[in-house]
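Right under this line is the structure:
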């Protein structure tokens, strides 16, 4: 599906892709083309006449790119990623958004619906200047909404980390270990998205790109500041989850040590008893066997040996 808008500073209207490209050629209005899961043929047919480099068109369709920004003089090619947290699997699901922004045009390409692009289309009728004054303003809006959607993910991760910290002392099973590892992997996946994306937006605030007016850089810097905060939070979560994993392993180890200590005490108590029973179980006649109280005597020796061993271990504070 292809969505197309043309806009002046005071009016924005929807049109078809061919009409938008024709309007762009006339130079009277700014244009936004949004490709939602279109095939390569449609992309090549509509965008190649606009002078977009073939490598950019190939990258747009491939949808396997890391966040980046490439300067082609008259336009910029950006790759960013939207994210949604999958609570069942404790990991982010991402969707790549390829953006080509020029002085009078904006092109977006993505597979399926993305909230940031959808939000931009929803407000364009009420705020035509987003596209009409400069496509960079609409680019800023898309990036701003995209970063805003990262913040609920940070809140969820923070709550999950707090929950694990409370439960780690009560749980000693494998389930806790798996929950920590799943969250650790989810945080790592978010860091792989946010880190390069932060560098991409930082480049937009520093370099003098022809497609980005100077007055837009402070707004992009605000987006960068919030994305840097998200990146810092992810670094903090990574450290917390690493400490939580070490704490869980330590707790499990201590509990295992307690179990081994109890087993050792039991084995130590029974060790002298085996000596006593071995003595009375020898295969020849003992004098005690003719004594009518011999059985009680043997049981008394066993009880005294066990009690003495237990008292010795307690006195030595071995358990």
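Residue numbers (this note's numbering): 360 to 678. Backbone N, C-alpha and C define an ideal beta-carbon position, used for all residues, glycine too. Please read these numbers as outputs of a predicted model, since none were measured by experiment.
Do you know whose CA, among the options, lies nearest residue i's CA?
i: residue 425; options: 496, 438, 388; result: 438
i: residue 443; options: 436, 562, 512, 402; result: 512
i: residue 418; options: 603, 388, 487, 468; result: 468
i: residue 538; options: 551, 516, 463, 660; result: 516
i: residue 474; options: 458, 580, 501, 487; result: 501
i: residue 386; options: 365, 376, 536, 499; result: 365
i: residue 605; options: 535, 398, 369, 493; result: 535
i: residue 494; options: 431, 571, 421, 422; result: 571
i: residue 399; options: 382, 524, 377, 422; result: 422
i: residue 485; options: 670, 559, 369; result: 369
Just reading off the beta strand (DSSP E) that residue i is part of, what are its end residues?
i: residue 460; result: 450-461
i: residue 465; result: 464-469
i: residue 395; result: 389-395
i: residue 430; result: 427-430
How about residue i and residue j: do their beta carbons lie closer than 8 Å?
i: residue 590; j: residue 624; result: no
i: residue 374; j: residue 363; result: yes
i: residue 542; j: residue 449; result: yes
i: residue 528; j: residue 610; result: yes
i: residue 476; j: residue 434; result: no
i: residue 576; j: residue 462; result: no
i: residue 456; j: residue 401; result: no
i: residue 578; j: residue 499; result: yes
i: residue 582; j: residue 506; result: yes
i: residue 633; j: residue 668; result: no
Taking the C-alpha atoms as reference points, what is the distance between residue i and residue j?
i: residue 549; j: residue 451; result: 7 Å
i: residue 395; j: residue 470; result: 5 Å
i: residue 379; j: residue 445; result: 37 Å
i: residue 411; j: residue 371; result: 24 Å
Could you spell out the range, first to last residue, of the alpha helix (DSSP H) harbouring residue i?
i: residue 477; result: 474-483
i: residue 503; result: 494-507
Only counting the same chain, and skipping five residues up and downstream in sequence, which positions put a Cβ closer than 8 Å to that of residue i?
i: residue 547; result: 597
i: residue 407; result: 413, 416
i: residue 556; result: 426, 439, 440, 586
Would you say residue i faces chain C, with C-beta separation under 8 Å as the test?
i: residue 514; result: Considering every chain present, this structure includes no chain C. It has just one protein chain.
Is residue i near the ligand NAP, judged by its Cβ being under 7 Å from some heavy atom?
i: residue 670; result: Only the bare structure without any ligand can be found here, which leaves the ligand NAP out of the picture.
Apart from the five residues on each side of it in sequence, which residues of its chain come closer than 6 Å, Cβ to Cβ, to residue i?
i: residue 367; result: 388, 491
i: residue 409; result: none
Residues in the same chain with beta-carbon distance under 7 Å from residue i, minus the five sequence neighbours each way, listed in chain order, please.
i: residue 497; result: 391, 465, 479, 489, 490
i: residue 593; result: 546, 549, 550, 553
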